[in-house]
Amino acid sequence: MAGKQQERTIMLIDGQSFYASVEKAAHPEYRDKPVAVGDPERRSGIILAACPIAKARGVTTAERVGEAIAKCPDLIVIRPRMQTYITISLLITEIYESFTDLVEPYSIDEQFLDVTGSFADRDHPEYLAYEIQTKVLLSTGVWSRVGVGPSKILAKMATDNFAKKREDGIFKLGDSNIEKELWPLPVQQMFMVGSKMTHHFWRMGLQTIGDVARMELGEFKRRMRWEMGKQSDIQAEYYWQTARGIDPSPVIASVRGALKSVSHGKALRANLYRRLADIEVVLLELVIEVCRRARRLGKQGRVVSVGAVETDGERTSSFGRQMTLPHATSLTHEVAAAVRKLFVEYWRGLPISRVFISLTQLSDDDTYQLTLFEDRAAAFNLEKTADSIKDRFGDAAIMRASSLLQSGVARERAAQIGGHYR
Numbered sequence: 256m257a258g259k260q261q262e263r264t265i266m267l268i269d270g271q272s273f274y275a276s277v278e279k280a281a282h283p284e285y286r287d288k289p290v291a292v293g294d295p296e297r298r299s300g301i302i303l304a305a306c307p308i309a310k311a312r313g314v315t316t317a318e319r320v321g322e323a324i325a326k327c328p329d330l331i332v333i334r335p336r337m338q339t340y341i342t343i344s345l346l347i348t349e350i351y352e353s354f355t356d357l358v359e360p361y362s363i364d365e366q367f368l369d370v371t372g373s374f375a376d377r378d379h380p381e382y383l384a385y386e387i388q389t390k391v392l393l394s395t396g397v398w399s400r401v402g403v404g405p406s407k408i409l410a411k412m413a414t415d416n417f418a419k420k421r422e423d424g425i426f427k428l429g430d431s432n433i434e435k436e437l438w439p440l441p442v443q444q445m446f447m448v449g450s451k452m453t454h455h456f457w458r459m460g461l462q463t464i465g466d467v468a469r470m471e472l473g474e475f476k477r478r479m480r481w482e483m484g485k486q487s488d489i490q491a492e493y494y495w496q497t498a499r500g501i502d503p504s505p506v507i508a509s510v511r512g513a514l515k516s517v518s519h520g521k522a523l524r525a526n527l528y529r530r531l532a533d534i535e536v537v538l539l540e541l542v543i544e545v546c547r548r549a550r551r552l553g554k555q556g557r558v559v560s561v562g563a564v565e566t567d568g569e570r571t572s573s574f575g576r577q578m579t580l581p582h583a584t585s586l587t588h589e590v591a592a593a594v595r596k597l598f599v600e601y602w603r604g605l606p607i608s609r610v611f612i613s614l615t616q617l618s619d620d621d622t623y624q625l626t627l628f629e630d631r632a633a634a635f636n637l638e639k640t641a642d643s644i645k646d647r648f649g650d651a652a653i654m655r656a657s658s659l660l661q662s663g664v665a666r667e668r669a670a671q672i673g674g675h676y677r
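Oh and the sequence shown: position 56 is 311 in this note's numbering, straight run, nothing missing.
Below, the structure is given as structure tokens:
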């Protein structure tokens, strides 16, 4: 007779105040001081992370640096180092992989682990969680909070609602305690329930997670249709299953599917981008980056898309248009010509606060279309050579002369990752 299948044991491990923890580990002299990560030279910039001491004094993530300092005058604000945070995150992934092959990054500071069968005492995965916590802390200085459950959704809610509030940073949520621990919580503390959905639930008379979980699925769907329309059945089933901790999705070591697009965007100070000549500089810089990424991935695209948000301070509008090229490409001059044509045709003339470019309908670049009047192979090899120089010596090693203009942003972005300092 076949044995009973072992219940899955999933962990969601979160690095506490990740950026701030990395900085405090790098600066032992700040151990007992309030620390936040942001740009200390920009009072209007935002706080990216705050350590527990700073949070206890009222500092919150995403508030203005100036507001945080007003609350906590002795706050130490450290400029972000994104490359360092990425490196530490990858190191933590390697630590997790020493315990299980099934590690799925969820964000830079959160990762799912399937540790089913990875510990000797099946009834106490908390022991393994403590071992992982200790190894990460000793290796990186980052304290971790661990939610444990039989599904990814329960592990996530165990971390967010319980482990983060416990001194030991570990909490297990499962069939034995879900009704006692999770169901009494306010419905807005259920995973993926934002303020808008919270109001929908309140109008349906559902105040707690248990109010959703205890309802028959058919009745819940009926109420959702009344509140949100006939197309809400899929949402209803999702939230009903979430409330009950039902989530069969596996932890997979790689979450990337087939690549469908290569894109890049940039938020701009609208008052500086009123003239086409200035906007064209940024458009070209974005095209250069999109094409470089495509070549790095061994891809070329046939459809070019341009999007922009324009505003004069009172009126705001946006547009997004695309063009199909005669053949797939990752050559900067070909994509740039299409981007400029689209932008000029659909721009209404207002100052630009954001631009976005993407390359879709991708194919491999191991073969490409030749033409009678241009040596595309030579152009491709020239751009690949420039890519190699940038990869070795940095993004600022080779730049278009236009990027040296006041309207250029490439020099600033060369020192950043994801819009933040390296």
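We treat Cβ as the ideally placed atom computed from N, Cα and C, and that holds for glycine.
| is_contact[Pro283, chain B] using C-beta, thresh 8 Å | As a matter of chain content, chain B is missing from the structure shown, which is built from one protein chain.
| Backbone CA spacing between Val610 and Tyr528 [nearest angstrom] | 11 Å
| Distance, Cα to Cα, Leu637 vs Ala593? | 21 Å
| query | Just to confirm, are Trp457 and Gly424 a CB contact at a threshold of 8 Å? | reply | no
| Should the segment 414 to 424 be regarded as contacting the segment 294 to 309, the criterion being three or more beta carbon pairs within less than 8 Å? | no
| query | So Ile350 and Val391 are in contact, right, with Cβ under 8 Å, and what is the actual spacing, rounded? | reply | 6 Å
| Contacting residues, own chain, Cβ-Cβ under 6 Å from Ser344 (five flanking each side not counted) | Ile363
| Residue nearest to Ser330 in terms of C-alpha spacing, selected from Ile347, Phe648, Pro295 | Looking at the sequence itself, residue 330 is Leu, so the reference to Ser does not match. For Leu330, the nearest C-alpha among the options comes from Pro295.
| field | Sequence ranges, beta strand (DSSP E) only - wholly within the segment 582 to 647, length at least 3 | value | 607 to 619
| query | Considering His519, what are the terminal residues of the alpha helix (DSSP H) in which it resides? | reply | Taken as a continuous stretch (DSSP letters only), His519 belongs to no alpha helix (DSSP H), being part of the beta strand (DSSP E) at 516 to 522.
| query | Just curious, the beta strand (DSSP E) that Gln555 is in, first and last residue? | reply | 554 to 566
| query | Among Tyr385, Glu365, Met445, which residue has its Cα nearest to the Cα of Ala468? | reply | Met445
| field | Per-residue DSSP class, three states only, for Arg400 | value | strand
| query | Using 8 Å as the threshold, is the segment 524 to 543 in touch with the segment 618 to 627, meaning 3 or more CB pairs across them? | reply | no
| query | Hey, how far is the Cα of Arg647 from the Cα of Glu629? | reply | 29 Å
| query | Cα separation between Val545 and Leu597? | reply | 16 Å
| query | Is Pro505 helix, strand or coil when you go by DSSP? | reply | coil
| By how many angstroms is the C-alpha of Gly429 removed from the C-alpha of Ile347? | 26 Å
| message | Just to confirm the assignment, what range does the alpha helix (DSSP H) spanning Leu472 have? | response | 472 to 483
| query | How about Lys288 and Gly396: do their beta carbons lie closer than 8 Å? | reply | no
| Alpha carbon of Ser450 to alpha carbon of Gly372, nearest angstrom | 39 Å
| task | Report the rounded CA-to-CA distance for Tyr274 versus Tyr340, giving the unit in angstroms. | result | 7 Å
| request: Starting from the C-beta of Asp548, find all residues in its chain whose C-beta is less than 8 Å away, skip the five residues before and the five after it, and write them out in chain order. | output: For the record, residue 548 in the displayed sequence is Arg; it is not Asp. Val517, His519, listed in sequence order.
| message | Tell me whether the segment 396 to 416 and the segment 498 to 507 touch, counting them as touching only if at least three CB pairs, one residue from each stretch, are closer than 8 Å. | response | yes
| What is the DSSP secondary structure of Met256, counted as helix, strand or coil? | In this prediction, Met256 scores a pLDDT of 40, lower than 50, which makes its location untrustworthy; the coordinate-derived value is nonetheless stated afterwards. Coil.
| query | Nearest to Lys521 by alpha carbon, out of Asp356, Ser613, Arg655, Pro283? | reply | Ser613
| Relative to the alpha-carbon of Ala281, which residue among Ile268, Pro335, Gly321 has its alpha-carbon at the smallest distance? | Pro335
| Endpoints, the beta strand (DSSP E) within which Tyr528 is located | Here Tyr528 belongs to no beta strand (DSSP E), and DSSP marks it neither H nor E.
| query | What are the boundary residues of the beta strand (DSSP E) that includes Tyr361? | reply | 358 to 362
| Which term fits Ala323, buried or exposed, when burial requires 16 or more other beta carbons within 10 angstroms of its beta carbon? | buried
| request: Return the Cβ separation of Arg557 and Leu580 in integer angstroms, given the expectation that the two are a contact with Cβ distance under 8 Å. | output: 5 Å
| query | What distance in whole Å lies between the Cβ atoms of Thr584 and Gln555, which are believed to be in contact at a cut-off of 8 Å? | reply | 5 Å
| query | Anyone know if the C-beta pair for Glu200 and His455 falls short of 8 Å? | reply | Since the first and last residues shown for the chain are 256 and 677, residue 200 lies out of range.
| message | Let me check understanding here. Comparing Cα to Cα, which of Ser608, Val542, Glu284 lies closest to Arg570? | response | Ser608
| task | Enumerate in chain order the residues of its own chain whose CB-to-CB distance from Ser618 is below 8 Å, with the five nearest sequence positions on each side excluded. | result | Lys554, Gln555, Gly556, Arg557, Ala583
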